[in-house]
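**Student:** Got a structure for you, written out below as structure tokens; questions coming shortly.
Protein chains: 2
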Amino acid sequence: MKDYHKLLSDEISLDPPDWEEMRTLGHKMIDDMTDHLQNIRQEPSWRKIPGETKESLKMNLPQEPQAITDIYEEFRQRILPYPSGNIHPRFWAWVQGTGTPFGMLAEMLAAGMNPNTALGEHSAMYVERQVLSWCKEMMNYPQSSSGILVSGGSMANITALMVARNHQTGKDVRKEGVRAATGNMTLYCSAETHSCVEKAVEVMGIGSNSLRKIEVDNHYRIRTDELERAIKLDIGAGNTPFCLIGNAGTVNTGAIDPLEELLSISRKYRLWFHIDGAFGALAKMVPEYSDELGPTEEADSVAFDLHKWMYMPFEVGCVLIKDSAAHREAFASEPNYLMNHERGLAAGPDPMGNYGLELSRGFKALKVWMSLKEHGIRKYAAAIRQNIAQAFYLGELIEREARLELLTPVSMNVVCFRYKRNDVSNEGLNKLNKEIVMSLQEDGIASPSSTILDGKYAIRVANTNHRSRKEDFDELVRETVRMGDKLLT
Amino acid sequence: MKDYHKLLSDEISLDPPDWEEMRTLGHKMIDDMTDHLQNIRQEPSWRKIPGETKESLKMNLPQEPQAITDIYEEFRQRILPYPSGNIHPRFWAWVQGTGTPFGMLAEMLAAGMNPNTALGEHSAMYVERQVLSWCKEMMNYPQSSSGILVSGGSMANITALMVARNHQTGKDVRKEGVRAATGNMTLYCSAETHSCVEKAVEVMGIGSNSLRKIEVDNHYRIRTDELERAIKLDIGAGNTPFCLIGNAGTVNTGAIDPLEELLSISRKYRLWFHIDGAFGALAKMVPEYSDELGPTEEADSVAFDLHKWMYMPFEVGCVLIKDSAAHREAFASEPNYLMNHERGLAAGPDPMGNYGLELSRGFKALKVWMSLKEHGIRKYAAAIRQNIAQAFYLGELIEREARLELLTPVSMNVVCFRYKRNDVSNEGLNKLNKEIVMSLQEDGIASPSSTILDGKYAIRVANTNHRSRKEDFDELVRETVRMGDKLLT
Chain A
1 MKDYHKLLSD
11 EISLDPPDWE
21 EMRTLGHKMI
31 DDMTDHLQNI
41 RQEPSWRKIP
51 GETKESLKMN
61 LPQEPQAITD
71 IYEEFRQRIL
81 PYPSGNIHPR
91 FWAWVQGTGT
101 PFGMLAEMLA
111 AGMNPNTALG
121 EHSAMYVERQ
131 VLSWCKEMMN
141 YPQSSSGILV
151 SGGSMANITA
161 LMVARNHQTG
171 KDVRKEGVRA
181 ATGNMTLYCS
191 AETHSCVEKA
201 VEVMGIGSNS
211 LRKIEVDNHY
221 RIRTDELERA
231 IKLDIGAGNT
241 PFCLIGNAGT
251 VNTGAIDPLE
261 ELLSISRKYR
271 LWFHIDGAFG
281 ALAKMVPEYS
291 DELGPTEEAD
301 SVAFDLHKWM
311 YMPFEVGCVL
321 IKDSAAHREA
331 FASEPNYLMN
341 HERGLAAGPD
351 PMGNYGLELS
361 RGFKALKVWM
371 SLKEHGIRKY
381 AAAIRQNIAQ
391 AFYLGELIER
401 EARLELLTPV
411 SMNVVCFRYK
421 RNDVSNEGLN
431 KLNKEIVMSL
441 QEDGIASPSS
451 TILDGKYAIR
461 VANTNHRSRK
471 EDFDELVRET
481 VRMGDKLLT
Chain B
1001 MKDYHKLLSD
1011 EISLDPPDWE
1021 EMRTLGHKMI
1031 DDMTDHLQNI
1041 RQEPSWRKIP
1051 GETKESLKMN
1061 LPQEPQAITD
1071 IYEEFRQRIL
1081 PYPSGNIHPR
1091 FWAWVQGTGT
1101 PFGMLAEMLA
1111 AGMNPNTALG
1121 EHSAMYVERQ
1131 VLSWCKEMMN
1141 YPQSSSGILV
1151 SGGSMANITA
1161 LMVARNHQTG
1171 KDVRKEGVRA
1181 ATGNMTLYCS
1191 AETHSCVEKA
1201 VEVMGIGSNS
1211 LRKIEVDNHY
1221 RIRTDELERA
1231 IKLDIGAGNT
1241 PFCLIGNAGT
1251 VNTGAIDPLE
1261 ELLSISRKYR
1271 LWFHIDGAFG
1281 ALAKMVPEYS
1291 DELGPTEEAD
1301 SVAFDLHKWM
1311 YMPFEVGCVL
1321 IKDSAAHREA
1331 FASEPNYLMN
1341 HERGLAAGPD
1351 PMGNYGLELS
1361 RGFKALKVWM
1371 SLKEHGIRKY
1381 AAAIRQNIAQ
1391 AFYLGELIER
1401 EARLELLTPV
1411 SMNVVCFRYK
1421 RNDVSNEGLN
1431 KLNKEIVMSL
1441 QEDGIASPSS
1451 TILDGKYAIR
1461 VANTNHRSRK
1471 EDFDELVRET
1481 VRMGDKLLT
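Taken in sequence, the protein lines are chains A and B. Residue numbers in the first sequence follow the numbering used here, run continuously in steps of one, and reach 489 at the last position. Residue numbers in the second sequence follow the numbering used here, run continuously in steps of one, and reach 1489 at the last position.
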């Protein structure tokens, strides 16, 4: 770079040429988004994206600046009207939370401050510590345990399983890799476990063949007799069983594995006991579930999402780990360019990079901090309890309706059912119910998702929606029946 | 859950009881944050957090709701005044971008819409595709390549190396694990490579012993003779060399490895050629660097961050992979509950979960989409070029100043130097320069960070700051000299 002086004669920045225009636009956005959220119930639950709108999102890389008001107008016309819909009262697809207006504002503040919450002495680091401390309280984990905020359940599970992998063999897996273990390193979970656990096992270099997916009972809970048999087989084969994963709420049906039994099996065979509680772990705060989910407290680690059943904006998940030393040993390093100093910016708490995979970390903690203060934990517990009550209510509606079949008893917040007529084959019902789901969505009525249970296509309602009301489930049932009837004629 | 009917008699939601109060507060936040950003130059570059403020961030889990205006006031008093400072014109620590006001507003819109940009037919999925297409244009990657937005460099590198690991052995590593490979799976990079690469190798179960850290020349670039020697040694030992990582801008000094040579070595030994270009890859858009960084286009994959040298708010990084089939094969799965449908919400583009580790993915793409339109790519290229020019300017200032020593020639945007006096030992200088760095930060003058080069403590300026001006570097030099003089008397 030779003539650099010339380049510095007229310096630029990316700050707005007109701050007042930016401010005015910010105000307009606040008004629009507030209106949007306040009136969301009047919107369809989903809206098809027109072809020309999709086409308009296939432009070449912009070369020159465009006016910010024009860009925002494009957003309003092409992006805002076609959301996935998880902020809508009748969205119950997959497992996605709803978000809140205050959470939205918190994200703006976080992006304005724009810290990298990975290391250093600055407020974001302390807000995250505060929030992690609150998460421990929520889960009744000791304050001596460690944790980290991550993007969601996948990362939370990977993080915990990494710690288990590195800690349990007694070998230096970080340096030597999984080859250091005797035989294959084997893990155990139910066949209903979320696919992210399998992905984690693949990521870790162990290979999914070493993940033993134990069959489930007729309530979709792991069969502990089969589990013990599998562990013994692996020991006999010279493998290294190291980890057991229990489900606090399976993705398909919301089933809770028999955690107390899993706990004692894990202790008997010295396995790391991890709980995938992506949404279900939080139901521990609901009186009716505190016993069944109680063993979560005794586990070695637990993963759960705050953007699911705590209704915060994407992304924010959490993993807690009892043995903070094991947690740190799995990830810590201090290269020269990250040296901790006694004072100044490079002082500060133990860097978060020592507890996870990332070194670029936004200020996720702020929305958690602000939201928990906004509502207080009791209200969250009440909202979660309400979602469960609504699921039971929906289950009752379905059982009362002759043309609907509940495919498994409701156990928490997930309801799997289908439209049924005895003169239609199972294959026919599968096609029909898929058509019902697509039509409910296309007509903007409601957004359930689907799964397959025992070869049956299930309309699946996973309720982690603080905007849903009883009447929304009435409508879902009414419309499902109407749609099924219509499609059959 | 027995008495659920009772719980539904008086349903709650987490929406605000008073929408107008929320709206008004949103307006106030816009005003405050706009003022904050507009006047950031008048703030100190860093400010010590008072003990009582830290203490106030050690409260018990909130049980009951607090007024949103009170919560915001707490934010204003306890959090906002103590940022890490990377939005300040004289912040050059580690490698962190600056953010922009429009980027901040984009994050609010994204959190308001609150989609999970993982799967489904909704606008966010198309915005991400658009943005990825633009990233390919920026890097001159073919549109047939694939990519994904991630949290940052660490995740981008892990993602690419996972693909390399799974693709290169010809074995089914996803199922069988790294044990399936013949001998150890070995990777190659320079000793100056970022620690996240080592972490990625640990995560993948390969073990860091299999990462060959090749020594560097006196410009901190990998020695290709040593590299070839190491590869041959591994082949001779029956190992499986599978990947070569080149640096487009090392973290310590901004050095660019001899990429052309690395490319041909990777072809000769059939290694996956990955570029860690966390910040440096973007300098390809600067005329003076397009040749040296040109081979990035020929690599198998490249990782780079948009929150670094594209100045966008945290978090957003990107990885691009030439062989989209290999990319997909490394991650894809379709469990029952994620079935793609022909129509409705569950239709839509190939789920992003098939290209990475995460299934919870916020709407990172929106800030990229809005920012690239706001400025156009030419302005980004100009800002990057300006940062490099400023680094050369700083290098010149240092060379002109007898009491300062440039520790390695400036090659891009990183400058490593120290205060020096011949009558002080190296150990003494190390202590002194560390004290200078801490004092510059404590006094709110500037925030460089540090590293160690050849046993010498270096004051390290990594310039990815669109707010910095020539005068800021004048001040840094002046104050460093003043501080050094003062500390020595």
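Even glycine gets a Cβ: it sits at the ideal position worked out from N, Cα and C. Quick caveat: nothing in here was measured; it's all calculated off a predicted structure.
What did DSSP end up calling ILE1245(B) once you bin it into helix, strand or coil?
**Tutor:** Three-state result, ILE1245(B): strand.
**Student:** Considering just the uninterrupted stretch of the beta strand (DSSP E) at TRP1272(B), what are its terminal residues?
**Tutor:** Segment 1272-1276, the beta strand (DSSP E) holding TRP1272(B).
**Student:** Span of the alpha helix (DSSP H) holding ASP305(A)?
**Tutor:** Unbroken run through ASP305(A) is the beta strand (DSSP E), 301-305; no alpha helix (DSSP H).
**Student:** Mind checking if LEU357(A) is an interface residue toward chain B, Cβ cutoff 9 Å exclusive?
**Tutor:** Chain B, which has a Cβ nearer than 9 Å to the Cβ of LEU357(A), makes this yes.
**Student:** Taking the straight line between their C-alpha atoms, what separation do you get for GLY1484(B) and ASN116(A)?
**Tutor:** Near 29 Å, if we compare the C-alpha coordinates of ASN116(A) and GLY1484(B).
**Student:** Should ALA391(A) and VAL461(A) be called a contact, given that it needs their Cβ atoms to be closer than 9 Å?
**Tutor:** Yes; because the gap between Cβ atoms is below 9 Å, this pair is in contact.
**Student:** To the nearest angstrom, how far is the alpha carbon of ALA1455(B) from that of TYR1220(B)?
**Tutor:** It is Gly, not Ala, that sits at residue 1455(B) in the sequence shown. Their Cα atoms are separated by approximately 14 Å.
**Student:** 9 Å is my cut-off, CB to CB: does ASP1291(B) come that close to chain A?
**Tutor:** Answer no: the Cβ-Cβ gap between ASP1291(B) and chain A never drops below 9 Å.
**Student:** Since ARG1418(B) sits in a beta bridge, which residues does DSSP pair it with?
**Tutor:** In DSSP, ARG1418(B) forms a bridge with GLU1405(B).
**Student:** Given that a residue counts as buried once 16 or more other Cβ atoms are within 10 Å of its Cβ, and exposed if not, what is PRO83(A)?
**Tutor:** Result: buried.
**Student:** Whose Cβ in chain A lies nearer than 7 Å to the Cβ of HIS1219(B)?
**Tutor:** Correct list: empty, because the minimum Cβ distance to chain A is about 15 Å.
**Student:** Grab the span of the beta strand (DSSP E) containing ARG1460(B) for me, first residue to last.
**Tutor:** Residues 1456-1462.
**Student:** Between which two residues does the beta strand (DSSP E) carrying VAL1150(B) extend?
**Tutor:** 1146-1150 is the extent of the beta strand (DSSP E) around VAL1150(B).
**Student:** Following a CB-centred definition, is ILE1079(B) positioned closer than 8 Å to any heavy atom of the ligand PLP?
**Tutor:** Looking at this structure, you won't find the ligand PLP or any other ligand, since it has none at all.
**Student:** Are any of the Cβ atoms in chain B nearer than 9 Å to that of PRO142(A)?
**Tutor:** False, the Cβ-Cβ gap to chain B never drops below 9 Å.
**Student:** If the criterion is Cβ atoms closer than 9 Å, does the pair THR527(A) and GLU107(A) meet it?
**Tutor:** Look at the range of chain A in this structure, 1 to 489, and you will see that residue 527(A) is not part of it.
**Student:** Is it buried or exposed, PRO295(A), if we count other Cβ atoms within 10 angstroms and call 16 or more buried?
**Tutor:** Its Cβ being crowded by 16 or more others within 10 Å, PRO295(A) is buried.
**Student:** If we define contact as Cβ-Cβ less than 9 Å, is ILE275(A) a contact residue for chain B?
**Tutor:** Not an interface residue.
**Student:** Taking just the CA atoms, how far does TYR1380(B) sit from ALA1389(B)?
**Tutor:** If you take the alpha carbons of ALA1389(B) and TYR1380(B), they lie about 14 Å apart.
**Student:** Quick check on the DSSP output: the alpha helix (DSSP H) that includes MET125(A) runs from which residue to which?
**Tutor:** That run of the alpha helix (DSSP H) goes 123-139.
**Student:** At 4 residues or longer, and completely inside the stretch 1140-1227 of chain B: list those alpha helix (DSSP H) runs for me, N to C.
**Tutor:** Listed in chain order, they are 1153-1168, 1173-1176 and 1195-1203.
**Student:** Return the bridge partner residues of SER1450(B) from the DSSP annotation.
**Tutor:** Beta-bridge pairing links SER1450(B) to ILE1459(B).
**Student:** Is the beta carbon of GLU535(A) sitting closer than 9 Å to the one on ILE445(A)?
**Tutor:** The structure shown does not extend to residue 535(A), since chain A spans only 1 to 489, so no value can be given for it.
**Student:** Can you give me the start and stop residues for the alpha helix (DSSP H) that ILE377(A) sits inside?
**Tutor:** Element bounds for ILE377(A): 364-400.
**Student:** Please list, in chain order, the residues of the stretch 330-342 of chain A that have any C-beta partner in chain B closer than 9 Å.
**Tutor:** Of all residues in the stretch 330-342 of chain A, ALA330, PHE331, SER333, GLU334, PRO335, ASN336, TYR337, LEU338, MET339, HIS341 and GLU342 have a Cβ within less than 9 Å of some Cβ in chain B.
**Student:** Which of the three DSSP states, helix, strand or coil, is assigned to GLY1317(B)?
**Tutor:** Here GLY1317(B) sits in strand by DSSP.
**Student:** On the CB-based measure, 16 or more other CB atoms within 10 Å of its CB, does THR182(A) come out buried or exposed?
**Tutor:** Under this definition THR182(A) is an exposed residue.
**Student:** Using Cβ-Cβ distances below 9 Å, what residues of the stretch 116-132 of chain A are close to chain B?
**Tutor:** Answer in chain order: ASN116, THR117, ALA118, LEU119, GLY120, GLU121, HIS122, SER123, ALA124, MET125, TYR126, VAL127, ARG129 and GLN130.
**Student:** In the DSSP assignment, find the alpha helix (DSSP H) that holds TRP19(A) and state where it starts and stops.
**Tutor:** TRP19(A) -> alpha helix (DSSP H) spans 19-38.
**Student:** Is THR1100(B) close to chain A? Criterion is C-beta to C-beta, closer than 9 Å.
**Tutor:** Yes, THR1100(B) lies at the interface with chain A (some Cβ there is under 9 Å from its Cβ).
**Student:** Report the rounded CA-to-CA distance for ALA160(A) versus PRO101(A), giving the unit in angstroms.
**Tutor:** Taking the straight line joining both Cα atoms gives about 31 Å.
**Student:** Under a CB-based cut-off of 9 Å, is VAL1302(B) close to chain A?
**Tutor:** Judged by the 9 Å Cβ criterion, VAL1302(B) is not in contact with chain A.
**Student:** Output yes if chain B places a C-beta closer than 9 Å to the C-beta of ASP15(A); else output no.
**Tutor:** By this cut-off, ASP15(A) is an interface position.
**Student:** Could you please give the first and the last residue of the uninterrupted alpha helix (DSSP H) stretch that includes PRO1258(B)?
**Tutor:** Premise fails: PRO1258(B) is in no alpha helix (DSSP H) and is neither H nor E.
**Student:** Using a Cβ-Cβ cutoff of less than 7 Å, which residues in the same chain neighbour ARG1047(B) once the five nearest sequence positions on both sides are dropped?
**Tutor:** Within the same chain, ARG1047(B) has close Cβ partners PRO1081, TYR1082 and GLY1444.
**Student:** Counting only beta-carbon separations shorter than 9 Å, does SER1208(B) have a partner in chain A?
**Tutor:** Output row for SER1208(B): interface = yes.
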